[in-house]
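Worksheet: the structure to be examined is printed underneath.
There are 2 protein chains.
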Amino acid sequence: MLTIGTLAKKTGTKVQTIRYYEQIGLMPEPGRTEGGQRRYGAAELDRLSFVRHARQLGFSLDAIRELLDLSDHPGKSCAEADAIARRQLKQVEQRLARLEALRTELKRMVHECSGGQTSDCRVLEVLRDHSECLTDHEEIGA
Amino acid sequence: MLTIGTLAKKTGTKVQTIRYYEQIGLMPEPGRTEGGQRRYGAAELDRLSFVRHARQLGFSLDAIRELLDLSDHPGKSCAEADAIARRQLKQVEQRLARLEALRTELKRMVHECSGGQTSDCRVLEVLRDHSECLTDHEEIGA
DNA sequence: TTTACATCCTCTAGCTACTGTAGGTTCAAG
DNA sequence: CTTGAACCTACAGTAGCTAGAGGATGTAAA
Chain H
9 MLTIGTLAKK
19 TGTKVQTIRY
29 YEQIGLMPEP
39 GRTEGGQRRY
49 GAAELDRLSF
59 VRHARQLGFS
69 LDAIRELLDL
79 SDHPGKSCAE
89 ADAIARRQLK
99 QVEQRLARLE
109 ALRTELKRMV
119 HECSGGQTSD
129 CRVLEVLRDH
139 SECLTDHEEI
149 GA
Chain U
9 MLTIGTLAKK
19 TGTKVQTIRY
29 YEQIGLMPEP
39 GRTEGGQRRY
49 GAAELDRLSF
59 VRHARQLGFS
69 LDAIRELLDL
79 SDHPGKSCAE
89 ADAIARRQLK
99 QVEQRLARLE
109 ALRTELKRMV
119 HECSGGQTSD
129 CRVLEVLRDH
139 SECLTDHEEI
149 GA
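Note that the protein sequences, when read in sequence, are chains H and U.
With this note's numbering applied, the first sequence covers 9 to 150.
With this note's numbering applied, the second sequence covers 9 to 150.
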């Protein structure tokens, strides 16, 4: 049986995060000692590892909830899990495209800065005047 | 003189967002009509455009605050603005590297899924077992 | 057995950067 | 003078945690 701290260490999670996952129903309520402390078994360790790994791959908690549900029902079709992963892949690719445009623009800003006064700083100038931008970077948000 | 709604339209910002920027001190308190409605001039339009553009480039509100301050003091050295932009560029490049690793892993997951039952779904399997991953995608967060 | 102290508990608030809603007021056109 | 869009304030909610207060528990050494 693992304490919450040990589980945290084993999975690279903060203790508070584990309690948070329990609170939002992503992790089950574990057994408790007489004194009221949580004790975890192997199943919980597996589940939390799954959650953490999915988080590392950028899945939202909602997506993870679905994936866990699928994982709990081995008979169900794989198609849904596949769809969720494809959706995630698409999102990642969109973000990549956006970040690449940002990198281009930032690089240009930085390279053109000659290090004088702010009155003729290229960085500030570009920010002031959007028309100086070469690439498209319209939407805000990651 | 512009109403908040017109300013919003001109800058592609939501009305509430403008009020929010005012609240956190990113935008100055504008003049008001007798009835208490906000009225904006050209200076505010420029400032908000600057803020929005910087947001589109991914700068945090804190970074934007610094940039605005620099922009307000034309005599100051350009070095700080340059440093902020470089920091931002570095961050973008880090995120790019991370997202590329994610894309690789997600692609592999998706491609290996043969569409059967969840019991032998590659997507779920990979999530269950981190050791199946080829790339490094340790840290969570964007 | 006592004591020390790390770890645990709950609860609440805070973070970023907004966005949405409720309930009421003002402005400009007709 | 009336209508209706746009404005006002204030507060709550979003994602996904993270931090802190103030107190209880568990374990190992003295």
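Glycine is no exception: its CB is placed at the ideal position from the N, C-alpha and C atoms.
These figures come from a predicted structure and were not determined experimentally.
I'd like the list of long-range same chain contacts for residue i, defined as Cβ closer than 7 Å, with 5 residues on each side in sequence excluded.
i	result
H:A89	L75 and L78
H:A16	K22, V23 and I26
Would residue i pass as an interface residue toward chain U - the criterion being a Cβ-Cβ separation below 8 Å?
i	result
H:T19	no
H:P36	no
H:E113	yes
H:L69	no
At a CB-CB cut-off below 8 Å, which residues of chain H make contact with residue i?
i	result
U:A89	C121, T126, C129, V131 and L132
U:L78	T126, C129 and L132
What does residue i touch in chain U if you count any residue whose Cβ is under 8 Å from its own?
i	result
H:S57	R136 and H138
H:R94	V118
H:G33	Simply none; closest approach about 19 Å.
Counting only beta-carbon atoms, is residue i nearer than 8 Å to chain H?
i	result
U:Q45	no
U:G66	yes
U:R103	yes
U:E108	yes
U:K22	no
U:G83	yes
Taking residue i as the reference, which of the options has the closest Cα?
i	options	result
U:S139	H:L10, H:T11, H:Q96 and H:H61	H:H61
U:A109	U:H145, U:G43, U:A50 and U:Y29	U:H145
U:A87	H:D137, H:E120 and H:R47	H:E120
H:E113	H:V134, H:C129 and H:Q125	H:V134
H:M35	H:S57, H:D128 and H:R130	H:S57
U:S127	H:Y48, H:S85 and H:R40	H:S85
U:R73	U:A105, U:R106, U:A50 and U:E30	U:E30
H:G39	H:L65, H:M9 and H:P82	H:M9
H:H81	U:C129, U:R47 and U:D137	U:C129
H:C141	H:G123, H:M117 and H:G124	H:M117
U:D54	U:R47, U:T41 and U:T19	U:T19
In its own chain, which residues sit with a C-beta less than 8 Å from the C-beta of residue i, not counting the 5 before and 5 after it?
i	result
H:A71	A62, I92, R95 and Q96
U:Q45	T11 and I12
H:I32	L69
U:F67	L75, I92 and Q96
Along chain U, which residues have their Cβ under 7 Å away from the Cβ of residue i?
i	result
H:A62	L135
Whose Cβ in chain U lies nearer than 9 Å to the Cβ of residue i?
i	result
H:L75	V131, L132 and L135
Listing by chain order, which chain H residues have their CB less than 9 Å from the CB of residue i?
i	result
U:L97	L110, R111, L114, K115, M117 and V118
As an exercise, report each continuous beta strand (DSSP E) stretch of at least 3 residues that is fully enclosed by the segment 65-128 of chain H, in chain order.
none
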